[in-house]
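Participant: Residue numbers (the working numbering): 282 to 568. Using N, Cα and C, we set each Cβ at its ideal position, and we do this for glycine too.
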């Protein structure tokens with residue numbers, strides 16, 4: 282599949298940014314309600330990819346996403362499913378626990394999806410770009426050059442700069458790694474809203490998204506957590522014989538393993554996120 286970039290032009294108004302729904306219908310339902318309560322239009326709600334994944338309701342999740350009319354780019358999971366690949370393309374180490382778990386949830390997702398849903402996913406772009414508050418914003422899954430690249434807060438700035446330069450962007454909205462963070466890089470921004478389909482390894486069942494606001498030509502970004510019916514999501518996974526380790530993660534907020542995490546992020550396991558003390562320092566990008 283050739284790399285497809287959609288240019289949306291200028292966006293105005295409050296925006297809701299999220300990633301990694303992972304077939305978690307209950308989390309998506311809760312987030313859709315947030316958008317309604319906040320008065321955020323569907324075209325201002327953008328997913329960084331991986332609408333599908335670990336949880337029990339892939340087809341229902343796609344149907345709700347289409348009904349909502351939010352926007353999304355391809356995650357590696359959608360790309361692999363569209364291409365009929367045998368694995369999720371998550372770039373897990375062969376034989377690792379994550380790799381072995383994917384051999385359960387990925388074929389399950391394949392078996393549940395309708396042809397209509399696969400055709401719809403095939404229309405998703407690799408990247409979305411738009412202007413917002415006078416800034417050029419681009420959406421990637423992993424990175425510009427590698428949809429499955431894990432980029433974390435501790436990832437060196439020069440690696441993030443490669444995507445920033447390739448897309449000629451002031452702000453990158455990224456996904457894939459599963460953890461919410463923000464990085465300031467030479468007056469540019471790398472923002473990851475986190476994912477809503479699984480907790481952020483912080484010892485809580487909460488999941489994460491982000492709100493963007495254009496205030497007098499500047500961008501204000503806020504990390505927000507989402508509470509949803511995680512008990513139902515977990516029980517549905519159990520009923521469908523999906524990895525029990527992931528069903529436990531939905532409840533405990535602790536990842537079964539930290540194979541993909543750098544040393545710095547590993548040390549944060551079990552520590553609840555608290556962005557309130559740092560948002561004020563970084564929330565405004567000056568012209």
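(1) Determine the DSSP secondary structure at residue 291, reduced to helix, strand or coil.
(2) Report the residue ranges of all alpha helix (DSSP H) runs contained in full by the region 467-532; include only those spanning at least 4 residues, in chain order.
(3) Nearest-angstrom Cα distance between residue 462 and residue 397?
(4) Name the residue from 353, 458, 508 and 382 whose alpha carbon lies nearest to the alpha carbon of residue 522.
(5) Is the region 317-335 in contact with the region 495-510, if contact means three or more CB pairs nearer than 8 Å?
(6) Going by the CB atoms, is the gap between residue 424 and residue 357 shorter than 8 Å?
(7) Which of helix, strand or coil does DSSP assign to residue 405?
(8) Considering just the uninterrupted stretch of the alpha helix (DSSP H) at residue 545, what are its terminal residues?
(9) Taking residue 313 as part of the alpha helix (DSSP H), name the residues at either end of that continuous run.
(10) May I ask which residues mark the beginning and end of the beta strand (DSSP E) holding residue 327?
(11) Leaving out five residues on either side along the sequence, give the residues of the same chain with a beta carbon under 7 Å from the beta carbon of residue 495.
(12) Would you decide whether residue 544 is buried or exposed? Buried here means 16 or more other CB atoms lie within 10 Å of its CB.
(13) Less than 8 Å between C-beta atoms, sequence neighbours within five positions excluded: which residues of the same chain meet that for residue 486?
(14) Note down, in chain order, each residue of its chain lying with its Cβ closer than 6 Å to the Cβ of residue 379, except the 5 sequence neighbours on either side.
(15) With a threshold of 8 Å between beta carbons, is residue 493 in contact with chain B?
(16) Please report how far the alpha carbon of residue 526 lies from the alpha carbon of residue 385, in whole angstroms.
(17) To the nearest angstrom, report how far apart residue 552 and residue 470 are at their CA atoms.
Facilitator: Taking the definition as stated:
(1) Taking the chain shown and counting its residues from 1, one reaches residue 291 at position 10. Strand, per DSSP.
(2) 511-520
(3) By one-based count along the chain shown, residue 462 stands at place 181. By one-based count along the chain shown, residue 397 stands at place 116. Taking the straight line from one Cα to the other gives about 35 Å.
(4) Counted from its first residue, the chain shown places residue 522 at position 241. Comparing alpha-carbon positions, the option among 353, 458, 508 and 382 lying closest to residue 522 turns out to be 382.
(5) no
(6) Position 76 of the chain shown holds residue 357. Position 143 of the chain shown holds residue 424. No, Cβ-Cβ distance for residue 357 and residue 424 is not below 8 Å.
(7) Locating residue 405 in the chain shown gives position 124, where the first residue counts as 1. Residue 405 falls in the coil class under three-state DSSP.
(8) Here the question's residue 545 lines up with position 264 in the chain shown. Counting along the chain, the alpha helix (DSSP H) containing residue 545 begins and ends at 544-547.
(9) Position 32 of the chain shown, counted from the first residue, corresponds to residue 313. Residues 306-319.
(10) By 1-based counting over the chain shown, the position of residue 327 is 46. From DSSP, the beta strand (DSSP E) with residue 327 extends over 326-328.
(11) Within the chain shown, residue 495 is the residue found at index 214, counting from 1. The answer, listed in chain order, is 293, 413 and 414.
(12) Position 263 of the chain shown holds residue 544. So residue 544 counts as exposed.
(13) Residue 486 sits at position 205 when you count from the first residue of the chain shown. Closer than 8 Å at Cβ, skipping near neighbours: 480, 508, 511, 531, 532, 533 and 534.
(14) Here residue 379 corresponds to residue number 98 of the chain shown, with the count starting at 1. For residue 379, where only same-chain residues beyond five positions count, the Cβ hits under 6 Å are 373 and 540.
(15) No chain B appears in this structure, which consists of one protein chain only.
(16) For this step, residue 526 is matched to residue 245 along the chain shown. For this step, residue 385 is matched to residue 104 along the chain shown. Distance between the alpha carbons of residue 526 and residue 385 is about 12 Å.
(17) Locating residue 552 in the chain shown gives position 271, where the first residue counts as 1. Locating residue 470 in the chain shown gives position 189, where the first residue counts as 1. Their backbone Cα atoms lie some 24 Å apart in a straight line.
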